[in-house]
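Engineer:
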Amino acid sequence: MKMILLGPPGAGKGTQAEAICKKYGIPQISTGDMLRSEINAESQLGISAKKLMDAGKLVDDDLIIKLVLSRISKPDCHKGYLFDGFPRTIPQAEALKIAKVPLNAVVEINVMDAEIVTRISGRRVHPGSGRVYHINNKPPKKKGIDDFTGEPLIQREDDNEKTIKKRLDVYHNQTKPLISFYKSWHRSDNQAPKLITISGTGSIEDIKTEILDSLDSLV
Ligand code: AMP
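Everything in the sequence shown is counted per the numbering used here, starting at 115 for the first residue and increasing by one.
1) Nearest to GLY199 by CA position, among HIS300, GLU265, GLY124, is which residue?
2) Nearer than 6 Å: is that true of the beta carbon of THR277 relative to any heavy atom of the ligand AMP?
3) Taking just the CA atoms, how far does GLY236 sit from GLU275?
4) Around the Cβ of VAL333, are there at least 16 other Cβ atoms within 10 angstroms (buried) or fewer (exposed)?
5) Quick check: what's the CA-CA separation for CYS135 versus ALA213?
6) With three or more C-beta pairs closer than 8 Å as the rule, is the region 248 to 268 touching the region 321 to 329?
7) Say yes only if the C-beta of THR232 is nearer than 6 Å to one or more non-hydrogen atoms of the ligand AMP, and no if none qualify.
8) Mapping the DSSP letters down to three states, classify GLU152 as helix, strand or coil.
9) Would you call the CB atoms of GLN142 and LEU196 closer than 7 Å?
10) Starting from HIS300, trace the alpha helix (DSSP H) both ways and give me its first and last residue.
11) Do the region 153 to 169 and the region 202 to 209 make contact, defined as three or more Cβ pairs closer than 8 Å?
12) Please find out if some non-hydrogen atom of the ligand AMP comes closer than 6 Å to the beta-carbon of PHE262.
13) Would a C-beta distance cut-off of 7 Å place GLY316 and ASN224 closer than the cut-off?
14) Nearest CA to the CA of ILE293: which residue from ASP147, LEU282, LEU309?
15) On the DSSP bridge assignment, give the partners of ILE310 in chain order.
16) Under a three-way DSSP split, which group does LEU120 fall into?
17) Which first and last residues belong to the beta strand (DSSP E) in which ASP330 is found?
18) Measure the C-alpha to C-alpha separation of ASP303 and ILE278 and round it to an integer number of angstroms.
19) Return the CA-CA distance between LYS137 and LEU183, expressed in angstroms with no decimal places.
20) Under the DSSP definition of a beta bridge, which residues are partnered with HIS240?
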């Protein structure tokens, strides 16, 4: 399985990615997580990315493309991979196409803007693994604590109302056009990845079943 998970921030990409990756035994490649580990390591890249991320803006395409191409050359990607939060712009999608990075599917999770802000304010993450929880919809077993490591959960700095509105604007202007990109590619080339659109409103379990069933029919 070689796929892209698309959707606005707060659509549940991280949560669904965990289930898909577990089922197919593939790594989750989250560019957001990769950037956050650069920030934690206080690397030059992390320092410059942090300013943009805190403002809800996107990081430079060339830099992201380099990070991803180097990541998928690692041995754990031979069986497949799931891109979470990448590509986010047409130039990033073009770069994958030009590099002939194989892809079976693009799964779009759709959620209305109004619901996103409520969802994101309850989101908590385990910084070490990128595991995502929600205080009401997917609470950890013990409040504020990661189920697997016992380490504390945090609220991301960009998960505040002002930044989330900016991130939604960026999503509509720069990422949503990828839907037409993949639709028209598939119309003209039957080797192109198949676009699957799923409603991200409903129970986590129902959404997971719908995604896994659609993917099963592809492989
Ligand atoms: P995420 O964890 O996917 O919500 O990403 C958090 C932030 O990291 C985004 O708001 C961007 O600032 C940056 N980022 C993550 N992935 C990308 C990408 N593919 N292209 C550009 N910026 C990205």
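Glycine included, each C-beta is placed from N, C-alpha and C at the ideal position.
Structural biologist: So, from the data block:
1) Your numbering for residue 199 matches position 85 in the sequence shown. Among HIS300, GLU265, GLY124, the Cα nearest to that of GLY199 is on GLY124.
2) Reading the sequence shown from its first residue, position 163 is the one you call residue 277. Every heavy atom of the ligand AMP is 6 Å or more from the Cβ of THR277, so no.
3) Indexing the sequence shown from 1 puts residue 275 at position 161. Indexing the sequence shown from 1 puts residue 236 at position 122. GLU275 and GLY236 have their C-alpha atoms spaced approximately 11 Å apart.
4) Looking up residue 333 in the sequence shown gives position 219. Under a 10 Å Cβ-count criterion, VAL333 is classified as exposed, with fewer than 16 other Cβ atoms of the shown protein chains found around its own Cβ.
5) Here residue 135 is taken as the residue at index 21 of the sequence shown, counted from 1. Here residue 213 is taken as the residue at index 99 of the sequence shown, counted from 1. For CYS135 and ALA213, the distance between alpha carbons rounds to 23 Å.
6) No, the region 321 to 329 is not in contact with the region 248 to 268.
7) As a working mapping, residue 232 is identified with position 118 in the sequence shown. Answer for THR232: no, Cβ out of range of the ligand AMP.
8) For this step, residue 152 is matched to residue 38 along the sequence shown. If DSSP states are grouped into helix, strand and coil, GLU152 belongs with the helices.
9) Here residue 142 refers to the residue found at position 28 of the sequence shown. Here residue 196 refers to the residue found at position 82 of the sequence shown. Result yes, Cβ atoms of GLN142 and LEU196 sit closer than 7 Å.
10) On the sequence shown, residue 300 is found 186 positions in, with the first residue counted as 1. Its alpha helix (DSSP H) spans residues 291 to 302.
11) Inter-segment contact for the region 153 to 169 and the region 202 to 209 is absent: fewer than three beta-carbon pairs are separated by less than 8 Å.
12) As a position in the sequence shown, residue 262 is number 148, starting the count at 1. Short note on PHE262: C-beta not closer than 6 Å to any heavy atom of the ligand AMP.
13) The count along the sequence shown starts at 1 and reaches residue 316 at position 202. The count along the sequence shown starts at 1 and reaches residue 224 at position 110. No; because the gap between Cβ atoms is not below 7 Å, this pair is not in contact.
14) The residue given as residue 293 occupies position 179 in the sequence shown. Comparing Cα positions, the closest option is LEU309.
15) Counting from one through the sequence shown, the residue named residue 310 turns up at place 196. ILE310 is bridged to VAL221.
16) One-based indexing of the sequence shown puts residue 120 at position 6. Three-state DSSP puts LEU120 in a strand.
17) Here residue 330 refers to the residue found at position 216 when the sequence shown is read from its first residue. From DSSP, ASP330 is part of no beta strand (DSSP E) but of the alpha helix (DSSP H) over 318 to 330.
18) Walking along the sequence shown from the start, residue 303 turns up at place 189. Walking along the sequence shown from the start, residue 278 turns up at place 164. Linking ASP303 to ILE278 through their CA atoms gives a straight-line distance of about 36 Å.
19) Taking the sequence shown and counting its residues from 1, one reaches residue 137 at position 23. Taking the sequence shown and counting its residues from 1, one reaches residue 183 at position 69. Computed Cα separation, rounded: 24 Å.
20) Position 126 of the sequence shown, counted from the first residue, corresponds to residue 240. Partner(s): none; HIS240 has no beta bridge.
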